[in-house]
Every structure is written in structure tokens, then in C-alpha cells.
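Before any comments, here is the structure.
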Amino acid sequence: GPVDLNRVVAEAVDRLRLTAEARDIRLKAGGRVDAVVHGDADQLMTAVRNLVDNAVRYSPDGTTVGIGLSSRDGLAQITVTDQGVGISPEEQGRVFERFYRVDGARSRQTGGTGLGLSIVKHVVINHGGEVTLWSQPGRGSTFTIRLPEWEEPAVRGAAPVEPPSTERRGGRAAV
Ligand code: ATP
Ligand code: MG
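Following this line, the structure appears as C-alpha cells:
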């Protein structure tokens, strides 16, 4: 069904609030926009929560984690930006793999299974979207989720849905 991404983001941020506070990390969520997608609210919440969890976990105390939500051209975009350790270009392609963790020593210290990002990717792809990563080692990372937005039934109704005629078969309508 329809999922309001404002609620997804708000809930994900709420769940990390105490963890962040304990490390003096500021969670800065952006303003509200209309962004409704089709899918599973719990799964989407898990995905956003995993990104915020990483942002907090792989950042020094006292930094800021930004969580943004925007909407453009039928695509909703969620960004999670940190001022943390960053991920090298060589490792950026691997962090979405199951069980992959950068730098064994550091990872052992922070304790995790290496599944978080593979779950994010799985959920986002299941919702017809994509997740991308920008990062600079030592400066921080930005993870971006893009999801196709829910179309109102009324809007869908505006484009007449007709059974495919002979001329239309092949996927292109004669105008
Ligand atoms: P968990 O299963 O508990 O999430 P994890 O955090 O190690 O464990 P992933 O979330 O999949 O697993 O992340 C994989 C690896 O990518 C991490 O171990 C870490 O090295 C790196 N990583 C992920 N997010 C960030 C980030 N925001 N900044 C720096 N490194 C990150
Ligand atoms: Mg993680």
C-alpha cells in the first residue's frame, strides 16, 4: 500500500536518537515534503534505519548526521550524510555485499555483521528503486535512496487505460 516517507524517516531517526545522543552526534532531519511510495513501511524503515545506524556508528563523536527527503519528477529521494571515516573508492563497490566489512580491526571494534547495507539494497531494489554512495575517506559519506513515487489513482485514471489493440501491440501507441 501507500507509504508516507516522512513517517518512515521520522521513525528511523527516532530509533537512533538515544544512540546518537550518547555520542553527542546531532541527527539533523530536513523538512517535510510530499513523498509517498508504494510498498512496505517496515522494510523501508529498516533500510533507512540501517543507513542512519551506519552514519552514526562510523562517525566520530560530536559530528552531525543529516537525513534529507525530497521529491522530484516522480522520484522520492532520501539522503543520509555523515562526517565520518568515509569509504575508499576501491571499497565503495563492495560494501553492499553480504558480510563485507571494511578494515577488520575497525569493524571488530564497532561490532556488526556486515549485513546492513545488503539489506538496504535488497529492500530498495524490491521497491523498484536504487541506492547509491558518494564518499571521501576522512571526510564522510552520503548514501542516497531513490524510489518511484506512488501515483494517485485519480492521476492514473487521467490517462485512459485501454485494452491493447492490434496497432498498439509492440508497446508504442500511434498518436
Ligand atoms: P551491520 O550488519 O550491523 O549493519 P555493518 O555495519 O558492518 O554491520 P553494513 O551496514 O553492511 O555492515 O556496512 C558494511 C561496511 O561498510 C561496514 O562494516 C563499514 O566498514 C562500511 N560502512 C558502512 N556505512 C558506512 C559509513 N556511513 N561510513 C563509513 N563506512 C561505512
Ligand atoms: Mg551497518
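When we follow UniProt numbering, the leftmost residue of the sequence shown carries the number 223, and every step to the right adds one. Think of the CB as a built atom: it goes at the ideal place given N, C-alpha and C, for glycine as much as any other residue.
Would a check of beta-carbon distances place residue i closer than 7 angstroms to chain B?
i    : result
S293 : Of the protein chains in the structure, only one exists, and it is not chain B.
For residue i, count the other beta carbons within 10 Å of its own beta carbon; 16 or more makes it buried, fewer makes it exposed. Which is it?
i    : result
T303 : buried
F365 : buried
A242 : buried
L369 : buried
A269 : buried
Quick one: residues in its chain with C-beta nearer than 7 angstroms to the C-beta of residue i, no 5 flanking neighbours on either side, listed in chain order?
i    : result
R237 : R271
G338 : N272, D275, N276
R390 : In this prediction, R390 scores a pLDDT of 46, lower than 50, which makes its location untrustworthy; no coordinate-derived value is stated.
E233 : M267
Relative to the C-alpha of residue i, which residue among the options is closest?
i    : options                : result
R254 : V346, Q299, E374       : Q299
V346 : D262, G223, D246, R294 : D262
H344 : R279, L355, E374, R320 : R320
S292 : G315, E374, I367, R323 : I367
D246 : G315, T285, S340       : T285
N228 : R239, A257, W356, A244 : A257
E313 : A244, G223, S363, D283 : S363
S357 : G350, D264, N348, V317 : V317
Cutting at 8 angstroms between CB atoms, please list the residues of its own chain near residue i, excluding the five before and the five after it.
i    : result
R361 : Q305, G308
Hey, residue i and residue j are a contact pair by Cβ (cut 8 angstroms); roughly how many whole angstroms apart?
i           : j    : result
residue 415 : G334 : Residue 415 cannot be examined here, being either before or after the span of the chain that is shown, 223 to 397.
R279        : T332 : 5 angstroms
A251        : V231 : 6 angstroms
P359        : S310 : 5 angstroms
V342        : V324 : V342 to V324, Cβ: 16 angstroms. No contact.
Within 6 angstroms: the Cβ of residue i and any heavy atom of the ligand NAP?
i    : result
G338 : Judged by which ligands are present, the ligand NAP is missing from the structure shown, whose ligands are the ligand ATP and the ligand MG.
Going by beta-carbon coordinates alone, are residue i and residue j separated by less than 7 angstroms?
i    : j    : result
E374 : V259 : no
G290 : T301 : yes
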